[in-house]
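Asks: Below is one structure. I have some questions about it.
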């Protein structure tokens, strides 16, 4: 254990791990030319891990550089944790520290997928509304016309609710099963890690489908047509 309570392995030609206070592991491999050559470093981060190294550098200095990168991402992770705790997250099922995407349930078969900028997490993210056209078209219009309402001093959820003129379903008041609808083809919610994201535009149907399932049905129908002609 180092002075800061981090796990540390000295040069031995084997991979080592430094565990940060933010629970992000730093993996490094020492080469035979250490310390002339920098160790190979990797971590589960949403930004590139750039380390400055000289022959006089130490593992402690490398670790301190790593911590500075982590602390620069604190606001980004705080924003994601607030979203995860106050909204129903459809994707990813098991978020990673490097993840910048969240798909949030808005209603039955309606959701919004967004990509956050780790360096500017409270700015308007890239947004994609998913669902049947008749349901998401009004929301797209509101998103385009209300962008001027975005306040970078407010939370992402508060801003999205103001811009879209909606209230997100809360884990405190809604069950996730309300939004975990099965695919109309394979009758499963998850296909590997994918969930249904294509919704029938018929307002009397509204059934969601996996993209892979739709493609498989299209291939089967194409082959049937070829062999029957």
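In UniProt numbering, the protein residues as written are 1 to 229. A virtual CB, placed ideally from N, CA and C, is assigned to each residue, including glycine.
(1) Whole alpha helix (DSSP H) runs in the stretch 104-167 with 4 or more residues, listed along the chain?
(2) Which value, in whole angstroms, describes the spacing of the CA atoms of residue 101 and residue 198?
(3) Could you compute how far the alpha carbon of residue 105 sits from the alpha carbon of residue 59?
(4) Report buried or exposed for residue 88, applying the criterion of at least 16 other Cβ atoms within 10 angstroms of its Cβ.
(5) Quick one: residues in its chain with C-beta nearer than 6 Å to the C-beta of residue 76, no 5 flanking neighbours on either side, listed in chain order?
(6) Looking only at its chain, what residues have a beta carbon closer than 6 Å to the beta carbon of residue 207, apart from the 5 residues adjacent to it on each side?
(7) Does the CB of residue 144 have a neighbour CB from chain E at under 8 Å?
(8) Between the Cα of residue 53 and those of 220, 23, 44 and 40, spot the shortest distance and give me the residue it belongs to.
(9) Quick one: Cα of residue 21 to Cα of residue 96, how far?
(10) Exposed or buried, what is residue 219 when buried is set at 16 or more other beta-carbons lying within 10 Å of its beta-carbon?
(11) Starting from residue 25 and walking both ways along the beta strand (DSSP E), at which residues does that stretch end?
Replies: Judging by the given coordinates:
(1) Whole alpha helix (DSSP H) segments, 4+ residues: 133-145 and 156-164.
(2) Here residue 101 refers to the residue found at position 101 of the chain shown. Here residue 198 refers to the residue found at position 198 of the chain shown. Taking C-alpha positions only, residue 101 is separated from residue 198 by approximately 18 Å.
(3) By one-based count along the chain shown, residue 105 stands at place 105. By one-based count along the chain shown, residue 59 stands at place 59. Distance between the alpha carbons of residue 105 and residue 59 is about 44 Å.
(4) Translated into the one-based positions of the chain shown, residue 88 becomes position 88. Classification for residue 88: buried.
(5) For the purposes of this step, residue 76 is taken as the residue at position 76 of the chain shown. These residues qualify, in order along the chain: 118 and 121.
(6) Residue mapping note: residue 207 aligns to position 207 of the chain shown, counting from 1. Taking C-beta separations shorter than 6 Å and ignoring five residues to either side along the sequence, the partners of residue 207 in its chain run 184 and 200, following chain order.
(7) Structure shown: chain E not included; a single protein chain is present.
(8) One-based indexing of the chain shown puts residue 53 at position 53. If we check each option's Cα against that of residue 53, 40 comes out closest.
(9) Locating residue 21 in the chain shown gives position 21, counting from the first residue. Locating residue 96 in the chain shown gives position 96, counting from the first residue. Any reading at residue 21 must be qualified, since the residue scores a pLDDT of 48, below 50, and its modelled position is unreliable; the value itself is stated next. Straight-line Cα distance between these residues: approximately 16 Å.
(10) Here the question's residue 219 lines up with position 219 in the chain shown. Residue 219 should be labelled exposed.
(11) In the chain shown, residue 25 corresponds to position 25, counting from 1. Residue 25 -> beta strand (DSSP E) spans 25-29.
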